[in-house]
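**Student:** To start, I am sharing the structure in question, which I have written as structure tokens.
Number of protein chains: 2
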Amino acid sequence: MLGNDYADQTCSIARSLEVVGERWTILILRDLFLGVDRFDALVASLGVTRTVLARRLAHLVDEGVVEKRRYSERPERFSYHPTAKGRELMGVIALLMQWGDRHYPHPAGPPRLLLHRGCGGGADDHLTCDRCGTRLQPEDIDAPLNPALAAG
Amino acid sequence: MLGNDYADQTCSIARSLEVVGERWTILILRDLFLGVDRFDALVASLGVTRTVLARRLAHLVDEGVVEKRRYSERPERFSYHPTAKGRELMGVIALLMQWGDRHYPHPAGPPRLLLHRGCGGGADDHLTCDRCGTRLQPEDIDAPLNPALAAG
Numbered sequence: 000m001l002g003n004d005y006a007d008q009t010c011s012i013a014r015s016l017e018v019v020g021e022r023w024t025i026l027i028l029r030d031l032f033l034g035v036d037r038f039d040a041l042v043a044s045l046g047v048t049r050t051v052l053a054r055r056l057a058h059l060v061d062e063g064v065v066e067k068r069r070y071s072e073r074p075e076r077f078s079y080h081p082t083a084k085g086r087e088l089m090g091v092i093a094l095l096m097q098w099g100d101r102h103y104p105h106p107a108g109p110p111r112l113l114l115h116r117g118c119g120g121g122a123d124d125h126l127t128c129d130r131c132g133t134r135l136q137p138e139d140i141d142a143p144l145n146p147a148l149a150a151g
Numbered sequence: 000m001l002g003n004d005y006a007d008q009t010c011s012i013a014r015s016l017e018v019v020g021e022r023w024t025i026l027i028l029r030d031l032f033l034g035v036d037r038f039d040a041l042v043a044s045l046g047v048t049r050t051v052l053a054r055r056l057a058h059l060v061d062e063g064v065v066e067k068r069r070y071s072e073r074p075e076r077f078s079y080h081p082t083a084k085g086r087e088l089m090g091v092i093a094l095l096m097q098w099g100d101r102h103y104p105h106p107a108g109p110p111r112l113l114l115h116r117g118c119g120g121g122a123d124d125h126l127t128c129d130r131c132g133t134r135l136q137p138e139d140i141d142a143p144l145n146p147a148l149a150a151g
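Chains as they are written, first to last, in numbering that gives the first Met the number 0: chain P, 0 to 151; chain F, 0 to 151.
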């Protein structure tokens with residue numbers, strides 16, 4: 000029996016979901032990847048309650064997925080940034096985004112593009128640049144708003 | 000505000016999570032990919048309640064991610080199989096598994112291997128065969144138990 004968590008399972012997926020499987024966590028990581036890095040901005044972007052967001056962020060910091068940085072002393076304020084371990088989840092999020100784009104398409108096209116930074120090619124379903132063939136790493140990927148959608 | 004679901008977000012990740020973001024869904028898909036395809040076997044494998052499993056499976060069937068097949072008429076019994084749309088999530092699950100293997104390693108090595116069927120090479124972090132370079136599709140990937148772990 001799993002009971003309330005998956006920790007007793009000898010399964011790397013189950014153990015990953017212990018860290019990033021909660022309801023909001025993937026969307027928090029999405030926002031952090033996009034540069035939404037302050038608590039109040041995350042609340043506004045996600046519509047999550049402050050209590051839930053604080054709990055999720057604390058868990059991600061404890062697990063070394065997110066780093067907390069103080070950007071103001073008075074009042075004390077923090078921003079949040081994916082660590083290298085956290086950035087490795089970019090691929091999971093990119094594939095989930097592509098799957099959503101294929102099966103739940105927005106009429107005007109994908110809300111965001113996944114582009115090879117500096118090249119402008121797109122990230123394909125193997126996280127490889129469809130223009131130059133580079134195997135993309137998290138830091139190589141830009142995810143700008145689709146201009147077609149922004150115009151609409 | 001998101002309220003209780005993500006459906007109002009113009010975001011393909013949020014829309015994907017509407018379908019596959021619930022607590023058990025990724026683990027249900029993992030089991031279906033591994034060939035655990037009957038209701039009672041899924042209950043035993045996951046330790047999920049029958050009520051929750053029935054609800055999650057019904058949602059996946061409604062969304063076209065899983066197909067329900069009757070394998071017995073008396074008593075009426077069904078098995079569950081990923082559709083083509085569902086199989087496309089294999090990449091998300093494979094990357095999540097690799098992330099767990101890297102950051103929450105089992106002492107004896109990864110619980111399961113991701114192998115290129117018929118070749119025996121491993122799937123790398125771009126879902127490409129590390130032996131022959133093939134860009135792997137879901138149907139190309141085997142996920143056997145790691146013999147090292149099975150022996151332990």
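Each residue gets a CB set at the ideal place from its N, CA and C atoms; glycine is no exception.
None of these values were measured; they are calculated from a predicted model.
(1) Give the straight-line distance between the Cα atoms of P:L112 and F:V19, rounded to the nearest whole angstrom.
(2) Are the CB atoms of F:R55 and F:T24 nearer to each other than 8 Å?
(3) Alpha carbon to alpha carbon, what distance is there between P:R14 and P:N3?
(4) May I ask you to list, following chain order, the residues of the stretch 84–116 of chain P that have a beta carbon less than 7 Å from some beta carbon of chain F?
(5) Among the candidates F:R134, F:A122, F:P109, whose CA atom is the shortest distance from the CA of F:P146?
(6) Report buried or exposed for P:V129, applying the criterion of at least 16 other Cβ atoms within 10 angstroms of its Cβ.
(7) Between the stretch 21–36 of chain F and the stretch 56–64 of chain P, do at least 3 Cβ pairs fall closer than 8 Å?
(8) Counting along the chain, where does the beta strand (DSSP E) carrying F:R69 start and finish?
(9) Going by DSSP, which residues form a beta bridge with P:L144?
(10) P:G85 and P:L126 look like a contact to me (Cβ under 8 Å); what is the Cβ gap, rounded to whole Å?
(11) Do P:I140 and P:R116 have their C-beta atoms closer together than 8 Å?
(12) Please compile the residues from chain A whose C-beta is within a distance smaller than 8 Å of the C-beta of F:G20.
(13) Residues of chain P with a CB under 9 Å from the CB of F:C128: which are they?
(14) Mark P:E75 as exposed unless 16 or more other C-beta atoms lie within 10 angstroms of its C-beta, in which case mark it buried.
(15) Quick one: is F:S71 buried, meaning 16 or more other Cβ sit within 10 Å of its Cβ, or exposed?
(16) Answer yes or no: do P:L154 and P:H102 have a C-beta to C-beta separation smaller than 8 Å?
(17) Against chain F, with Cβ distances strictly below 8 Å, would P:T9 count as a contact?
**Tutor:** Taking the coordinates as given:
(1) 21 Å
(2) It is a contact, given that the beta carbons lie within the stated cut-off.
(3) In this prediction, P:N3 has a pLDDT of 42, which is less than 50 and means its spatial position is unreliable; what the coordinates show is noted afterwards. Distance between the alpha carbons of P:N3 and P:R14 is about 13 Å.
(4) Against chain F - using a Cβ distance shorter than 7 Å - the residues of the stretch 84–116 of chain P are K84, E87, L88, G90, V91, I92, L94, L95, M96, W98, G99, D100, H102, Y103, H105, P109, P110.
(5) Of the residues F:R134, F:A122, F:P109, the one whose Cα lies closest to the Cα of F:P146 is F:P109.
(6) With the sequence shown as reference, residue 129 of chain P is identified as Asp, and Val is not the correct amino acid for it. Counting Cβ neighbours within 10 Å, P:D129 comes out exposed, since fewer than 16 surround it.
(7) no
(8) 65–71
(9) P:R111
(10) The pair is not a contact, with the Cβ atoms about 17 Å apart (cut-off 8 Å).
(11) Less than 8 Å divides the Cβ of P:I140 from the Cβ of P:R116.
(12) Structure shown: chain A not included; protein chains present are P and F.
(13) Those do not exist, as F:C128 stays about 11 Å from chain P at its closest Cβ, beyond 9 Å.
(14) exposed
(15) exposed
(16) With chain P covering only 0 through 151, there is no way to say anything about residue 154 of chain P.
(17) Output row for P:T9: interface = yes.
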